Amino acid sequence: MRKLKMKKTIGFLALILVGVGSVYAADPDPFATAASKITGMSSSMMDLFDVLIGVGLIFGGVHVFIKMKTGEGSEGKKALMNTGGALLFAIVIRVIIGTFIN
Numbered sequence: 005m006r007k008l009k010m011k012k013t014i015g016f017l018a019l020i021l022v023g024v025g026s027v028y029a030a031d032p033d034p035f036a037t038a039a040s041k042i043t044g045m046s047s048s049m050m051d052l053f054d055v056l057i058g059v060g061l062i063f064g065g066v067h068v069f070i071k072m073k074t075g076e077g078s079e080g081k082k083a084l085m086n087t088g089g090a091l092l093f094a095i096v097i098r099v100i101i102g103t104f105i106n
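Quick note: the sequence shown uses this note's numbering, first residue 5, plus one each step.
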């Protein structure tokens, strides 16, 4: 059993080495190519992230409105806090991602 596991591990490592070698053979500097592609897509990624934040805010607002209208006092406050926390988290993540991409 132990020999079979060792053979699988060696085969997996060989597969990784072949994959890394093919990446370096295809492009002399793959990290620079990936960085330039990510930088080129940064404005569309930020627009998409803004749309996702807006959709989440709309659905969260509707959820809070329904909870407040049904008269579930503490449930409405909990829904409001969840929506506010999610929105704050999304904005912070957007700022962090924007800082690293630009």
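For each residue, glycine too, the CB sits at the ideal point set by N, CA and C. All figures in this text were calculated on a predicted structure; none of them were measured in a lab.
Residue of Gly58, Ile57, Lys82 minimising C-alpha distance to phenylalanine 190: Nothing can be reported for residue 190: it is not among the residues displayed for the chain, which extend from 5 to 106.
Locate the alpha helix (DSSP H) running through glycine 64, then write down its first and last residues. Against the sequence shown, residue 64 aligns to sequence position 60. Note, glycine 64: alpha helix (DSSP H), 46 to 73.
CA nearest to the CA of leucine 56, picked from Lys12, Gly102, Gly15, Ala94: Counting from 1 along the sequence shown, the entry for residue 56 is found at position 52. Cα-wise, what sits closest to leucine 56 is Ala94.
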